[in-house]
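With the first letter of the sequence shown counted as 1, position 252 gets the number 252 in full-length UniProt numbering; the numbers rise by one all the way through.
Glycine included, every Cβ here is placed at the ideal spot set by N, Cα and C.
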Amino acid sequence: MSRLSGAGHLRRVDSKCKQPRVTHSSTRRVNVRKQILKACDGGLITSVERRVDGINSHGPAASDPHPVMLGLLLALLPAVCSGASVLTSRDVVNKNTVEFETTLEASDFDNDLHSRFQLHNLGIKVKDDPTMGNYSEGDIALESPKKFAEDNNQLSRNAIRQAYRRWPNAEIPYTLSSQYGAYARSVIANAMKEYHTKTCVKFVARDPARHPDYLYIHPDDGCYSLVGKTGGKQPVSLDSGCIQVGTIVHELMHAVGFFHEQSRQDRDSFVEIVWRNVVNGADDQFEKYNLNVISHLDEPYDFSSIMHYGPYAFSGSGKKTIVPRQGGAERMGQRVAFSNIDVRKINKLYQCNNNNNNNKNNNNNNNQQISTNQITSQQQPQVSKVATNRRIMIFG
1 MSRLSGAGHL
11 RRVDSKCKQP
21 RVTHSSTRRV
31 NVRKQILKAC
41 DGGLITSVER
51 RVDGINSHGP
61 AASDPHPVML
71 GLLLALLPAV
81 CSGASVLTSR
91 DVVNKNTVEF
101 ETTLEASDFD
111 NDLHSRFQLH
121 NLGIKVKDDP
131 TMGNYSEGDI
141 ALESPKKFAE
151 DNNQLSRNAI
161 RQAYRRWPNA
171 EIPYTLSSQY
181 GAYARSVIAN
191 AMKEYHTKTC
201 VKFVARDPAR
211 HPDYLYIHPD
221 DGCYSLVGKT
231 GGKQPVSLDS
241 GCIQVGTIVH
251 ELMHAVGFFH
261 EQSRQDRDSF
271 VEIVWRNVVN
281 GADDQFEKYN
291 LNVISHLDEP
301 YDFSSIMHYG
311 PYAFSGSGKK
321 TIVPRQGGAE
331 RMGQRVAFSN
341 IDVRKINKLY
351 QCNNNNNNNK
361 NNNNNNNQQI
371 STNQITSQQQ
381 PQVSKVATNR
391 RIMIFG
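Take a look at the structure:
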């Protein structure tokens, strides 16, 4: 078996699968052997998992191991397998490399690294809700989101009403920072696949000759996005702690054109905002907007939306900032996947239907072919001066 390098590159382990010696008298050993064989179907490992003191890749001694040692061995299972790959934090984000704009490859969409590893196994701290940026549930902020918004001349404010802020033909051009490693590219690709399989929205590699307006996905500081199409090179920040499919789906849904669910005009009928528990400077993250600004798309309030804040969002005291007024809010703040209503809203916003043969996709929710009608700049409605002159930014 090849030795680990201290640096951290995606490597192949070429040695054959090593197994601890197993005696027929030890049920525990037999179970360990079965799990090792299962892991040897092609395991991926992290350098963190392979650096456990006291056990090497050849397994424990012949004597019946202590239960604690068995537990450590099981944590090391992938490391003893043929064809295993070593992943490190540089396979998520490597800010020591020169940054340039690139796009995803077909192999990134086929890669399943995201389903085989957790970020914390790569030594990356993952917050309870990464979309809180520099806030975590119950923690005092390191940086004010209000100041963040002001510094960027942007305003923090469920779906945009202005047609010109939607992406024409439901196609969203994008580029990607070269600082993302194999793991991050896999996760970002699979988040985009959620849109491709459940909605008519498509993320397409940017062609500079055709796409002056596009998303630039890069590891800036925290997780944030603008709402809808703002024009030009439009940033979406996904740093290392944001590289989870659900978190990326959330940020991309902002770029598609959606505000947070609790920004709805009718939200006070469903949740109570406990203002006294909101950390100073974050009040604007809980503002609600009337129907001149956002559209509910004739859909009910959705506690399970991937766009809803959790109960401790922007809390400076560890106490709840959002309290449901009724039942059904068990999944409030989830960052796992679209809710059914999320999918319906996206398809309504982009006028996906069965009568247009352009941009057809398979909608997993209703097993129908869906498409989108082209939305042109000539379809721009009359909007307020505030709406036209201010860029809308969402922190989280």
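For this session: Following the continuous beta strand (DSSP E) through I273, name the residue where it begins and the one where it ends.
Result: V271 to I273
Exercise. Looking at the unbroken beta strand (DSSP E) that takes in Y216, where does it start and where does it end?
Worked result: Y214 to H218
Exercise. Short check: CB of R170 to CB of Y350, under 7 Å?
Worked result: Note that residue 170 is Ala in the sequence shown, not Arg. A contact, by the Cβ cut-off of 7 Å.
Exercise. What residue range is occupied by the uninterrupted beta strand (DSSP E) comprising K202?
Worked result: K202 to A205
Exercise. How would you call A84, buried or exposed, if buried means at least 16 neighbouring beta carbons within 10 angstroms?
Worked result: Confidence is the limiting factor: at A84 the pLDDT is only 49, short of 50, which leaves the residue's position unreliable and the question unanswerable from this model.
For this session: Would you kindly work out how many angstroms separate the C-alpha atoms of V279 and A159, rounded to a whole number?
Result: Cα-Cα distance, rounded: 26 Å.
Problem set entry | Boundaries of the beta strand (DSSP E) in which L176 is found, first to last residue | Under the DSSP assignment, L176 falls in the beta strand (DSSP E) whose first and last residues are E171 to S177.
Exercise. Beta-carbon separation of E99 and S178 under 7 Å?
Worked result: yes
Exercise. Looking at the unbroken alpha helix (DSSP H) that takes in Y195, where does it start and where does it end?
Worked result: Y195 -> alpha helix (DSSP H) spans A182 to K198.
Exercise. Which word fits P300, buried or exposed, when buried means at least 16 other C-beta atoms lie within 10 angstroms of its C-beta?
Worked result: Exposed, by the Cβ-count rule.
Exercise. So, helix, strand or coil for P168, using DSSP?
Worked result: helix
Exercise. Is R90 near G181, with beta carbons less than 7 Å apart?
Worked result: Against a cut-off of 7 Å, the Cβ pair of G181 and R90 comes out as a contact.
Exercise. If we count the other Cβ atoms within 10 Å of its Cβ and call it buried at 16 or more, is Q118 buried or exposed?
Worked result: exposed
For this session: Using only alpha-carbon positions, find the residue among H120, R210 and V236 that is nearest to A255.
Result: V236
Problem set entry | Nearest-angstrom Cα separation, counted from R210 out to P311 | Rounded to whole angstroms, P311 to R210 spans 43 Å at the Cα level.
Exercise. What residue does the beta strand (DSSP E) around S237 start on, and which one ends it?
Worked result: K233 to L238
Problem set entry | Assigned secondary structure, T247 (DSSP; H/G/I helix, E/B strand, else coil) | It is helical.
For this session: Locate the alpha helix (DSSP H) running through S115, then write down its first and last residues.
Result: L113 to R116
Problem set entry | Closest by C-alpha distance to L238, when choosing among L215, N121 and L113 | Of the listed residues, the one whose Cα sits closest to L238 is L215.
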